[in-house]
Amino acid sequence: MLLRPRGRGMTGEGRPGRMLRRVRSTPWMGRLAARLIAGYLRLCRATGRWEIRGAEFVAHGRAARSPSLVAVWHGRLAMIATERTPRDRVLALISRAGDGALAAEVMARFGIEALRGSSQDPRKPWRERGGRAALAAALAAARRDPGLFLAVTPDGPRGPRMRCKPGIALMAARLGAPVLPFAFSARGAIELSSWDRFLLPLPFSRGVIAWGAPVPPPARTDPDSLEAHRLRIEAALIELTRAADAAIGRRTPEPG
3 MLLRPRGRGM TGEGRPGRML RRVRSTPWMG RLAARLIAGY LRLCRATGRW
53 EIRGAEFVAH GRAARSPSLV AVWHGRLAMI ATERTPRDRV LALISRAGDG
103 ALAAEVMARF GIEALRGSSQ DPRKPWRERG GRAALAAALA AARRDPGLFL
153 AVTPDGPRGP RMRCKPGIAL MAARLGAPVL PFAFSARGAI ELSSWDRFLL
203 PLPFSRGVIA WGAPVPPPAR TDPDSLEAHR LRIEAALIEL TRAADAAIGR
253 RTPEPG
């Protein structure tokens with residue numbers, strides 16, 4: 003089932019956008035919204051008929067004594083927090099934008115700590131978005147806790163959809179960490195009309211939760227090597243998302 007609401011999506015100027023701005027500006031509403039969202043996602047995970055693919059890849063990451071990056075498209079972010087186990091140590095790189103505060107509150111409900119910062123927009127190189135500070139904090143955290151998972155949305159916070167920004171390749175190189183792709187798809191779901199075509203699962207639906215084979219870190223850190231690594235990560239994530247969608251008959255949005 004595909005539901006595609008009309009309008010400009012959650013961040014537009016319509017009623018959902020106005021409601022989201024009100025939630026962001028009112029702390030108690032933000033906390034309540036985070037609790038409700040986390041509860042809803044747990045309900046979807048508990049009641050859905052989920053096929054788990056690539057569990058061996060995340061199991062290997064859990065057994066390793068080295069950090070791993072987990073990459074997921076912004077539009078397929080909904081279910082990733084539900085896959086954390088109590089033994090997993092997870093940091094999530096989350097945008098400094100207003101929406102990021104709510105996302106950080108939701109992640110906290112699953113025991114996931116947030117690092118606030120975004121990759122620099124190559125179209126606006128003068129604008130610092132906290133990505134450098136977040137990278138430094140991630141490196142420090144990985145040194146303290148070698149078994150760390152660091153979750154990243156490489157096309158966030160504003161796209162283009164399903165296109166990796168350079169930051170994830172640099173982060174993988176600096177950490178010497180593999181990138182573990184993640185995706186999910188569900189037959190019963192609402193696909194928003196937002197830039198990322200955010201997919202929100204419905205309870206009791208059939209779906210796929212998929213982990214991809216790790217993309218090893220680049221051997222070199224020169225610009226050409228980092229760009230090639232960025233493209234490898236992007237291709238792996240697109241392929242994984244398309245495979246998950248194909249398994250339940252959903253059309254994958256075209257990359258932006």
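Note that the sequence shown covers residues 3 to 258 in this note's numbering. Beta carbons are placed, not taken as given, at the ideal position from N, Cα and C, and that holds for glycine. Just so we're clear, the structure is a prediction, and the values are computed from it rather than from any experiment.
Report task. May I ask you to report which of helix, strand or coil DSSP gives F186? Result -> strand
Query raised in the report: Where do the ends of the alpha helix (DSSP H) carrying E261 lie?
Result: Outside the displayed range of the chain (3 to 258) lies residue 261, so it cannot be described from this structure.
Requested in this report: Assign R232 to one of three DSSP states: helix, strand, or coil.
Outcome: helix
Query raised in the report: Contact between the stretch 173-187 and the stretch 101-110: three or more CB pairs below 8 angstroms?
Result: no
Query raised in the report: Could you give the distance in angstroms between the alpha-carbon of T155 and the alpha-carbon of A144?
Result: 18 angstroms
Query raised in the report: How would you label G50, buried or exposed, when you count the other beta carbons within 10 angstroms and need 16 or more for buried?
Result: buried
Query raised in the report: Looking only at DSSP bridge pairs, what is R98 linked to?
Result: R98 is not bridged to any residue.
Query - Residues of its chain near D247, where Cβ-Cβ distance is below 6 angstroms and the 5 sequence neighbours each way are ignored - result: S187 and T254
Query raised in the report: Can you tell me whether DSSP reads R163 as helix, strand or coil?
Result: coil
Report task. With DSSP as the reference, please indicate the residues paired to I211 in a beta bridge. Result -> I54 and F186
Query - Selected residue, minimal CA-CA separation from L79, among L43, S68 and I170 - result: L43
Query - Range covered by the beta strand (DSSP E) that runs through L194 - result: Taken as a continuous stretch (DSSP letters only), L194 belongs to no beta strand (DSSP E), as it is neither H nor E.
Requested in this report: Measure from the alpha carbon of P110 to the alpha carbon of each residue in A94, R98 and G119, then state which is nearest.
Outcome: Pro is not the amino acid found at residue 110; the sequence shown has Ala there. Per the Cα distances, A94.
Query raised in the report: Who are E107's beta bridge partners in DSSP?
Result: Answer by DSSP bridge pairing: none, since E107 is not bridged.
Requested in this report: Note down the Cα distance separating W52 from M81, rounded to an integer number of angstroms.
Outcome: 11 angstroms
Query raised in the report: Beta carbon of A171, beta carbon of R232: below 9 angstroms?
Result: yes
Query - Reference G205, options I192, W213 and R67, closest by Cα - result: Sequence check: residue 205 is Pro here, not Gly. The candidate whose alpha carbon is nearest that of P205 is I192.
Query - Assigned secondary structure, L93 (DSSP; H/G/I helix, E/B strand, else coil) - result: strand
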